[in-house]
Amino acid sequence: MLDSAVSSRLAALLPPEAWLTADEDTRAYECDGLTLYRTRPAAVALPETEAQVVAILRQCHQARIPVVARGAGTGLSGGATPDAGGVLLSLAKFRRILAIDPESQTAVVQPGVRNLAISEAAAAHGLYYAPDPSSQIACTIGGNVAENAGGVHCLKYGLTVHNVRRVRGVLIDGSTVEFGGDALDAPGYDLLALINGSEGLLAVITEVTVKLTPKPLLAQVALASFDDVGRAGLAVSAVIGAGIVPAGLEMMDRAATRAVEAFVHANYPLDAQAILLVESDGTPEEVAAEMAEIKRVLAASGATAIRVSTDEKERLLLWSGRKAAFPAVGRIAADYICMDGTIPRRTLPQVLARIDEFSHRFGLACANVFHAGDGNLHPLIMFDANVAEEAERAEAFGAAILELCIEVGGTITGEHGVGIEKIRQMCTQFRPDELTSFLGVKAAFDEHGLLNPGKAVPTLHRCAEFGKMHVHRGALPHPELPRF
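Under my numbering, think of the first position of the sequence shown as -1, with each following residue one higher.
Take a look at the structure:
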């Protein structure tokens, strides 16, 4: 519960319908896409101007009230889980595309603009926004920046951090700040990279300038079937090792393709143990040459069949299956957890074998979907929350996968963030002095820890409570910075 006087002061900053405190109103905000964790906020604020955001944060800072910023709520790591004694700050009304500049190939948008809406608005200029998460029809650009989201085309075109020029935001004390600028580089420290993937710990994002990319003249995708999951994993390394940088390189195991085929009817082979989707784009001449080399490498790697899209309709159909993997699994499972870890590509076969072992150990089915080109795993662990202890086993299964990622020299997240889901594994991956440094960065922006408290970076005391300690990171020669 908020203090009544503080609540009254905050309510006065907004229209009556934009300040929610009744249980039936706040319940809709009790979780994000990670539904295992639910907490109702003391209040929900729905501002529609930056001035209102400034005023709300200033009041919360003065009263030492926690604030959790929220976009579309599509996040999968619990990053938008509310604080029971705090304010849930929704940016849902910030949904205007402010400008599109075809000459500089940029767009200025508010944080509540949907990812796909940017490409739709830029299409008239022959441009699009390259990062394309599977949730792009619903997820917002503010959330994409907060989590440093990727997508099926991030191998060639980069993650969110590589496609953002400028971010405007508000600090917890109400100060407005800007990171980056209109130029390709900005003076001083690269704080633009810091705010990307900061998970709402450093500032509330109110405006983003993104880079737009010219649409390629042609794109084709090859679907390769494999009779062994490990062989498909080795084929991924072979493609990259051949010097090919595909526009997209995705992998799905049979459990995933069967779920997808029943949902989307993408004409996936149901007898294959795994499939790869490998896309080439560019001029027709470039695509023809690169696709010939892709087919050669896939055949030499043991592909049992290779099919190349013949037109744009077929290409989009093949990709629609991959992008529908999450809802497709949702049709066949009462509940599921979508994990997110990153590993060296060469370890894909051994990691897939271990995940299969975990599936048997925990007695839960798992469908595997990967951004294979950059080693980003998305195992979908299926369970039924209504069956005693299945949720606990699903969490333990997920934790085992994350620990495995660390063991083989990878990291515990690729694009979903740490949130509350992976907070324990932060204690495993990073040394106490590293965590202290991360917390120091947080304190430089938010001295009292009011923005999204308890997320992403654990205190040393919390690691001690978890009984966790740092372990050797296998092949990683240096610590990898977290996405705060």
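Note that the Cβ used here is the ideal one computed from N, Cα and C, for glycine as well.
Nearest neighbour of R62 by Cα position, chosen from T174, A181, H446, turns out to be H446. Distance from the CA atom of K321 to the CA atom of V385, rounded to whole angstroms, is 29 Å. Residue pairing for Q218: DSSP places it in a beta bridge opposite S278. A check of alpha carbon separations from L8 across Q134, I242, L44 identifies L44 as the nearest.
Each residue's CA atom was taken as its position, placing C29 and A270 some 37 Å apart. Here A230 is not near V276, since their CB atoms are 9 Å or more apart. In the DSSP assignment, H446 falls outside any beta strand (DSSP E), carrying neither H nor E.
Bridge pairing for V208: A105, V162 [DSSP]. Residue pairing by DSSP leaves H59 without any beta bridge partner. For the options A351, E393, S307, the alpha carbon positioned closest to that of Y334 is the one of E393.
In this structure, G69 sits near G110, with a CB-CB distance shorter than 9 Å. Between G373 and G339, the alpha-carbon positions lie close to 8 Å from each other. Cβ-Cβ separation between C364 and L378: approximately 6 Å, consistent with a contact (criterion under 8 Å).
The three-state reading of DSSP puts Y155 in helix, counting H, G and I together. The Cβ-Cβ distance between A398 and F356 falls below 9 Å. Beta bridge pairing from DSSP links S307 with no other residue.
Residue nearest to G246 within the set A257, S278, A254, R164 is S278 (criterion: CA-CA distance). Counting along the chain, the unbroken alpha helix (DSSP H) around H358 starts and ends at 346 to 360. Listed as beta-bridge partners of V175 by DSSP are G167. With respect to Y127, V243 sits apart: the two C-beta atoms are not nearer than 9 Å.
Nearest to A97 by alpha-carbon distance, out of L216, A115, G84, is A115.
By the criterion of at least three beta-carbon pairs nearer than 8 Å, the segment 35 to 50 is in contact with the segment 3 to 20.
The C-beta of Q427 has 16 or more other C-beta atoms within 10 Å across all chains shown, which makes the residue buried. Proximity to A240 across C336, H160, G371, E432 peaks at G371, based on C-alpha coordinates.
Each residue's CA atom was taken as its position, placing N194 and Q57 some 26 Å apart. C461 is not a Cβ neighbour of C403, given a cutoff of 9 Å. Out of A441, L210, G396, the CA that lies nearest to the CA of E419 is found in G396. Using a Cβ distance threshold of 9 Å, A144 and E197 count as a contacting pair. One Cα belongs to L34, the other to A290, and the distance between them is close to 46 Å. If you check the CB distance, L74 and G31 come in under 9 Å.
Between V227 and A272, the beta carbon gap of about 5 Å places them in contact (Cβ cut-off 8 Å). Of the residues V65, Q60, R25, the one whose Cα lies closest to the Cα of A3 is Q60. Boundaries of the beta strand (DSSP E) harbouring G246: 246 to 251, taken from the DSSP string.
When the alpha-carbon of N265 is set against those of L314, K293, V237, V234, the nearest one is in L314. Annotated three-state conformation of I203 is strand, per DSSP. Rounded to whole angstroms, the gap between the alpha carbons of G141 and V234 is 29 Å.
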